[in-house]
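All residue numbers for the sequence shown refer to the working numbering, where the first residue is 25 and numbers rise by one. For reference, the structure discussed in these notes is given below.
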Amino acid sequence: MDDESPYFLHHLPVPGEERYASVALVNTRFTSSHGAVDLLEDTEAGHLWLVRQELLPDKAALNGRRLGRLIKLREATRELFAARADVTTPPAASLTTLNDALA
Numbered sequence: 025m026d027d028e029s030p031y032f033l034h035h036l037p038v039p040g041e042e043r044y045a046s047v048a049l050v051n052t053r054f055t056s057s058h059g060a061v062d063l064l065e066d067t068e069a070g071h072l073w074l075v076r077q078e079l080l081p082d083k084a085a086l087n088g089r090r091l092g093r094l095i096k097l098r099e100a101t102r103e104l105f106a107a108r109a110d111v112t113t114p115p116a117a118s119l120t121t122l123n124d125a126l127a
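Okay, structure coming up:
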């Protein structure tokens, strides 16, 4: 492990993250043995995550507004995944957020 990088950058990806951006996005917020981790905690961290996922060119900027939209999409996607796992009706607001992001 590289001592310069934060410990959470070395966590192993969850199966499916390499194939589905939605799974990778949902997993940007998790709890490790060191506590809560948010890979989108600020614009710099969000930019790094997007570049590593090959979803944003390195030279492109990520401002606070766009980061906020990304975090809102992550939380909506988490709610949709949870509804699916619990076999319940997904929240309408989460569906709207996802549809708006896809439009």
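Idealized CB from N, CA, C, for every residue including glycine.
- Query: How big is the Cα-Cα spacing for residue 26 and residue 112?
  - Reply: Reading the sequence shown from its first residue, position 2 is the one you call residue 26. Reading the sequence shown from its first residue, position 88 is the one you call residue 112. Any reading at residue 26 must be qualified, since the residue scores a pLDDT of 47, below 50, and its modelled position is unreliable; the value itself is stated next. Roughly 42 Å between the two C-alpha positions.
- Message: Threshold first: 4 residues or longer. Then list the alpha helix (DSSP H) segments lying entirely within the stretch 53-105, N to C.
- Response: Runs of the alpha helix (DSSP H) inside the stretch 53-105: 67-76.
- Using only alpha-carbon positions, find the residue among 101, 108, 92, 110 that is nearest to residue 120. Translated into the one-based positions of the sequence shown, residue 120 becomes position 96. For residue 120, the closest of 101, 108, 92, 110 by C-alpha to C-alpha distance is 101.
- Message: Which residue wins for smallest C-alpha separation from residue 117, given the options 39, 99, 75?
- Response: Stepping through the sequence shown from its first residue, residue 117 is reached at position 93. The residue with the shortest Cα to Cα distance from residue 117 is 99.
- Three-state class that DSSP yields for residue 123 in the structure shown: If you number the sequence shown from 1, residue 123 lands on position 99. Three-state DSSP puts residue 123 in a helix.
- Do you know whose CA, among 114, 43, 127, lies nearest residue 78's CA? If you number the sequence shown from 1, residue 78 lands on position 54. Nearest C-alpha to residue 78: 43.
- Out of 93, 86, 59, state which residue places its alpha-carbon closest to the alpha-carbon of residue 69. The residue labelled residue 69 in the question sits at position 45 within the sequence shown. Nearest of 93, 86, 59 to residue 69, Cα basis: 86.
- Task: Quick one: grab the DSSP three-state call for residue 111.
- Result: In the sequence shown, counting from the first residue as 1, residue 111 sits at position 87. The answer is coil: DSSP assigns residue 111 none of H, G, I, E or B.
- Query: Who are the Cβ neighbours of residue 45 in its own chain at under 7 Å, not counting the five residues just before and after it?
  - Reply: By one-based count along the sequence shown, residue 45 stands at place 21. For residue 45, where only same-chain residues beyond five positions count, the Cβ hits under 7 Å are 77, 79.
- Query: Going by Cα to Cα distance, which pick from 51, 40, 39 is closest to residue 103?
  - Reply: Taking the sequence shown and counting its residues from 1, the one referred to as residue 103 is at position 79. For the options 51, 40, 39, the alpha carbon positioned closest to that of residue 103 is the one of 51.
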